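Participant: Residue numbers (the working numbering): 114 to 426.
Quick reminder that beta carbons are idealized off the backbone N, C-alpha and C, glycines included.
All figures in this text were calculated on a predicted structure; none of them were measured in a lab.
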């Protein structure tokens, strides 16, 4: 869908977008809170945890897996397939894993066709059976897009947010003392340390950018993260300021390809932050812990972020 133009893009997006409206996403909040609590229950007695591996990584995977209707015992495979799409792996391994994904997805689609459930795959299958709706190939690709977009952005957003708050102690203190700053903090993290750095596009006509002509049909890399540090739009752009008035940023793209999952990513990041602040005291980076970033030029996030804390009494 992200590579399609209208009218194909319009048709595909209309079918998938129904599950990601702000109203539909808001109904997921109780379940997201329950999942977050379950994940923190596993570490709350230890006094230390890996923010990414123990929370930011599994939370969005479980949420999108439940939305799609993935069987719980296949969630590890589900995340591995997502990683294979995002990260550079050996060609043979990638082909094998993608074949596994396709086989499982076809199996799930056929199961939903026989016995529909209250999940997103069932809704897409129903749409596929309507006139001029999704083909099987489009249905498989839609599931793959949701698989990737539904977890990587949120994982990076939660990790980048924690790193920014600990690196900028005054802003971190504001959030702890005044949780009402959390929504603004999330928007500033999206601007300041964008989870997705950019995307490729093709020019449809010659365009002049500050005296440089880019010919028609040129492949261009649009760096959203660079635009989010534009001093003409954001004064003092390299400063992390959770009270910054932000009426626009490009972390989720723009126009017809604006990220469908933006409301879900914002909700998951907010719930994760609120729950940590509610259940953990004196949270700080593990002094000897190593911060490891993801090895992908388009996604900016953390693989590991060890933290220590005291449980709230």
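Buried or exposed: residue 165, going by 16 or more other Cβ atoms within 10 Å of its Cβ?
Facilitator: buried
Participant: Tell me the residue span of the alpha helix (DSSP H) that contains residue 332.
Facilitator: Where residue 332 is concerned, there is no enclosing alpha helix (DSSP H), although the beta strand (DSSP E) it sits in stretches over 332-336.
Participant: Throw me the rounded Cβ distance for the residue 273 and residue 374 pair, which I believe falls under 8 Å.
Facilitator: Not confirmed; about 16 Å, so no contact.
Participant: Kindly list the residues whose CB is nearer than 8 Å to the CB of residue 420, restricted to its own chain and excluding five residues on each side of it in sequence; keep chain order.
Facilitator: 161, 162, 163, 164, 275, 396, 397, 398, 399, 402
Participant: List the DSSP bridge partners of residue 163.
Facilitator: 419
Participant: Go to residue 392, then tell me how far its alpha helix (DSSP H) extends in each direction, as first and last residue.
Facilitator: 375-392
Participant: Answer with buried or exposed for residue 192, where buried requires no fewer than 16 other C-beta atoms within 10 angstroms of its C-beta.
Facilitator: buried
Participant: Once DSSP output is grouped into helix, strand and coil, what is the label at residue 175?
Facilitator: helix
Participant: Per DSSP, what kind of secondary structure is residue 321 in: helix, strand or coil?
Facilitator: strand
Participant: According to the Cβ coordinates, are residue 355 and residue 294 closer than 7 Å?
Facilitator: yes
Participant: With a Cβ-Cβ cutoff of 7 Å, do residue 181 and residue 234 count as a contact?
Facilitator: yes
Participant: For residue 428 and residue 418, what's the separation of their Cα atoms in angstroms?
Facilitator: The first residue shown for the chain is 114 and the last is 426, placing residue 428 beyond what the model contains.
Participant: For the alpha helix (DSSP H) containing residue 314, name the first residue and the last one.
Facilitator: No alpha helix (DSSP H) contains residue 314, which is instead part of the beta strand (DSSP E) from 311-315.
Participant: If you measure between the beta carbons of residue 145 and residue 387, is that distance less than 7 Å?
Facilitator: no
Participant: So residue 327 and residue 316 are supposed to be a Cβ contact under 8 Å. How far apart are they, rounded?
Facilitator: 6 Å
Participant: Taking the alpha helix (DSSP H) that residue 305 falls in, what are its first and last residues?
Facilitator: 295-305
Participant: Identify whether residue 265 lies in helix, strand or coil by the three-state DSSP scheme.
Facilitator: helix
Participant: Along the chain, where does the alpha helix (DSSP H) containing residue 349 start, and where does it finish?
Facilitator: Residue 349 -> no alpha helix (DSSP H), and no H or E assigned at all.
Participant: Using the C-alpha atoms, what's the distance from residue 211 back to residue 197?
Facilitator: 8 Å
Participant: Can you tell me where the alpha helix (DSSP H) holding residue 147 begins and where it ends?
Facilitator: It spans 142-154 - the alpha helix (DSSP H) in which residue 147 sits, taken as one unbroken run.
Participant: Just verifying my parser: in three-state terms, what is the DSSP assignment at residue 134?
Facilitator: coil
Participant: Excluding sequence positions up to five away, which residues of its chain have a Cβ less than 6 Å from the Cβ of residue 298?
Facilitator: 288, 355
Participant: Counting along the chain, where does the alpha helix (DSSP H) carrying residue 285 start and finish?
Facilitator: 282-290
Participant: Label residue 204 either buried or exposed according to how many other C-beta atoms from any shown protein chain fall within 10 Å of its C-beta, with 16 as the threshold for buried.
Facilitator: Reliability of the predicted coordinates at residue 204 is poor, the pLDDT of 44 falling under 50, and the value obtained from them is presented with this limitation in mind. Answer is exposed; the Cβ neighbour count stays below 16.
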